[in-house]
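As structure tokens, the structure follows; a few thoughts come after it.
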Amino acid sequence: MKSILFVINEAGEFVELSKIALAIQQQGYDVSFLFVSPSYVNLENDSKFCEKNNFPFYYPSKSLNIKSKSGHESSSSKSYPVESQLDNGYIPYSFLLKSKRRSSFLFYPILFLIGFLCIFIVAIKIFSKILKRIFSNISKFFNISKFFGGLLKNNSLFQITSGVLKNFGYAYRVLKLHHYDLLIFGQEFPGSINSLLIKLCNKRNTPTLIIPFALGTTKEIVESLYDKDIFDVSSSITNYLASLLYPNWINFYKGKKMLRLTGKQIFFLELMGLAPEHPWLPNNSFVTKIAVESEKMFSYYQSMKFPVHQLSLTGSLSDDILVEATTNGQEIKKKICQKMNLDPEKPILLCAWPTDQFGSRFVSMEFKNYEQLCRAWAKCLKEIKREGKYSVIIRPHPVTNKEILGKILGQCDLKQFISYDDTIQLITCCDLFVACVSSTLRWAIAKGIPAINYDCYQYGYTDFDAKGVFNVNDFKSFSAVLEELTRDRQKYEGAKQDQQECASEWGILDGNSQKRIVNLINKLVQSESLIDIENKNYDINILKNSDI
């Protein structure tokens with residue numbers, strides 16, 4: 242039986258990859274999951290999913306002891322011929338050694354070397370403290386303490402946190418203890434454990450596959466890092482040296498010259514041979530294949546100089562679910578309305594509730610905190626509910642704090658409209674979709690549903706530039722567009738027509754995406770089981786450049 246390992250870095254990946262896991266389990270594959278961090282936010286819920294579906298799962302701090310049928314012997318234990326001479330454990334191995342006393346010839350040199358290293362380490366620490374004091378005094382006259390801070394901090398130039406190394410080590414042991422025929426990831430980014438696993442797999446000639454869980458662009462990265470001083474080239478000597486030695490880690494944005502990671506991390510990855518060719522490009526890696534979800538993304542990957550042999554246009558499993566849900570759309574809407582006590586005759590406004598990103602954004606924003614932002618969104622939805630033209634459904638993000646959201650929406654008499662049903666099913670029965678730079682916007686576009694993308698964290702992304710998407714970045718504009726689309730039927734119908742005209746570029750809704758993904762997996766593990774598919778919905782020019 243072929244064995245496949247899914248590697249999970251964040252909750253959004255699991256939503257998509259868990260569906261793939263269920264699909265290939267039905268094809269007879271042995272499926273396992275590796276959660277790369279013990280602090281993975283949805284570990285409890287997602288591990289329960291794995292247990293329910295008989296998927297072995299691993300995470301750092303979980304024991305890797307593999308017991309044999311007797312429950313006492315490790316299945317990875319080795320066989321040593323000398324054991325036969327030890328009477329099943331009764332004779333000590335030292336009896337078989339020569340009886341003469343061991344020479345102490347090497348003892349003193351080794352002891353001297355250890356002592357010398359200890360003295361050297363102590364001297365380095367003392368010297369570092371002296372340098373700190375010197376630079377502290379000099380900085381009163383010259384502003385250079387910040388520049389050298391990275392070199393002196395914690396007495397180490399290449400310090401990597403013990404937690405990261407522990408996670409790396411755990412992932413390495415998981416791969417070493419099992420023979421996997423394929424590893425599947427939801428993304429790839431510099432410094433991730435994925436980089437280590439991909440390198441190990443390439444050495445073993447084990448194929449690897451990225452099935453992207455979200456849209457990703459260089460713009461997204463520069464926007465999220467430019468306001469953080471730790472990535473400035475001039476913030477430390479290690480950053481400056483890294484920029485000189487490895488210029489491909491540099492980028493320029495809004496007057497900032499910055500690095501993708503800190504200098505220490507860059508040196509570590511370069512020395513370990515884990516650095517990508519283009520660090521600022523999402524999913525740039527030495528992975529075997531990338532499953533591309535749409536023609537739009539295929540064209541994007543090509544424009545970003547991804548090798549064509551690395552790309553396979555498959556569509557997304559979410560697209561198939563979208564097709565299936567659309568077929569049963571009226572029935573799904575009826576059940577949801579009955580469950581939530583909504584009028585099935587009214588159009589539905591679906592809101593993908595924004596997550597709390599205030600901890601990672603240091604730019605000026607119109608709201609002081611997440612609670613204030615939530616109250617503003619709730620105010621708009623409450624007004625829609627009051628007018629009575631639309632039913633309102635609120636779908637929180639998987640990592641949203643349920644207590645905080647429930648409290649705020651309860652105060653606005655909206656708590657009863659919270660739904661944790663599958664987002665795709667909710668989208669198929671909605672008439673207007675509202676989100677904040679969420680990857681779920683792609684589903685609404687592919688379905689031809691008008692959408693409002695309220696960029697309340699001021700990222701400035703242009704990822705969702707479809708004709709029927711209204712991109713706004715302030716509350717006043719958001720309120721105005723929402724009011725216009727819910728009150729002006731002509732405006733709404735025009736937006737719907739625009740969205741439907743470009744929908745085919747954003748998804749492949751022929752119901753065959755799962756088959757294409759399974760076929761790609763079969764090819765990678767050299768399985769003879771392939772499924773016949775009609776690729777009638779493909780752009781012929783793109784199809785020529787894909788191996789599907």
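Here our numbering is used: the first residue of the sequence shown is 242, the next is one more, and so on. Positions of the beta carbon are idealized from the N, C-alpha and C atoms, including for glycine.
The DSSP-derived three-state label of residue 621 is helix.
Straight across, the Cα-Cα distance linking residue 265 with residue 759 is about 7 angstroms. In this structure residue 693 is in contact with residue 723, their Cβ atoms being roughly 6 angstroms apart against a cut-off of 8 angstroms. If the five residues before and after residue 679 are omitted, its C-beta is found closer than 7 angstroms to the C-beta atoms of 593, all from its own chain and listed in chain order.
In the DSSP assignment, residue 636 is bridged to 593.
Annotated as proximal: residue 631 and residue 589, with beta-carbon spacing under 8 angstroms.
For residue 674 against residue 685, the beta-carbon gap comes to about 4 angstroms, under 8 angstroms, which counts as contact. With respect to the 8 angstroms criterion, residue 749 and residue 535 are classified as neighbours on the basis of their beta carbons. The continuous alpha helix (DSSP H) containing residue 580 extends over residues 570-581. Residues of the same chain with a CB within less than 6 angstroms of the CB of residue 426, apart from the 5 flanking positions on each side, are 248, 435 and 451 in chain order. Apart from sequence neighbours up to five positions away, the residues of its chain that approach residue 626 with a beta-carbon distance below 6 angstroms are 633, ordered along the chain.
Taking a contact to require three or more Cβ pairs closer than 8 angstroms, the stretch 702-711 and the stretch 452-464 qualify as touching. CA-CA distance, residue 513 to residue 243, rounds to 30 angstroms.
The beta-carbon distance between residue 283 and residue 262, rounded to whole angstroms, is 15 angstroms. This is too long to meet the 8 angstroms contact definition. Residue state for residue 756 is assigned as helix, using DSSP reduced to three classes. The residues 673, 691, 693, 711, 732, 733 and 736, in chain order, have a CB closer than 8 angstroms to that of residue 726 in the same chain once the five nearest residues on each side in sequence are set aside.
Separation of residue 753 and residue 561 (C-alpha to C-alpha, rounded to the nearest whole angstrom) is 7 angstroms. DSSP places residue 435 inside the alpha helix (DSSP H), whose first and last residues are 434-445. Collapsing the DSSP output to three states places residue 480 in a helix.
Exclusion of the five residues before and after residue 482 leaves 504 as the residues of its chain whose Cβ lies within less than 7 angstroms of its Cβ. Counting only residues of its own chain and dropping the five nearest sequence neighbours on each side, residue 567 has a CB closer than 6 angstroms to the CB of 669. At the C-beta level, residue 469 and residue 603 come within 8 angstroms of one another. Around residue 681, the same chain offers 593 and 664 as residues with beta carbons nearer than 6 angstroms, after the five sequence neighbours per side are excluded. Residue 415 is not a Cβ neighbour of residue 515, given a cutoff of 8 angstroms.
Between the C-alpha atoms of residue 642 and residue 595 there is a straight-line separation of about 11 angstroms. Distance between residue 511 and residue 301, taken at the CA atoms: about 24 angstroms.
Judged by DSSP secondary structure, residue 524 falls outside any alpha helix (DSSP H); it is assigned neither H nor E. Residue 528 is positioned such that its CB atom lies no closer than 8 angstroms to that of residue 555. Around residue 297, the same chain offers 273 as residues with beta carbons nearer than 7 angstroms, after the five sequence neighbours per side are excluded.
Secondary structure at residue 497: strand, using DSSP grouped into helix, strand and coil. Distance check between residue 446 and each of 430, 294 and 420 places 420 closest, using alpha-carbon atoms only. In this structure, residue 467 sits away from residue 487, with a CB-CB distance that is not shorter than 8 angstroms. Counted as a single uninterrupted DSSP element, the stretch harbouring residue 669 is not any beta strand (DSSP E) but the alpha helix (DSSP H) occupying residues 664-669. Residue 646 is classed as buried because its beta carbon has at least 16 other beta carbons within 10 Å across all chains shown.
Shown here, residue 535 sits in coil according to DSSP, grouped into three states, outside any helix or strand.
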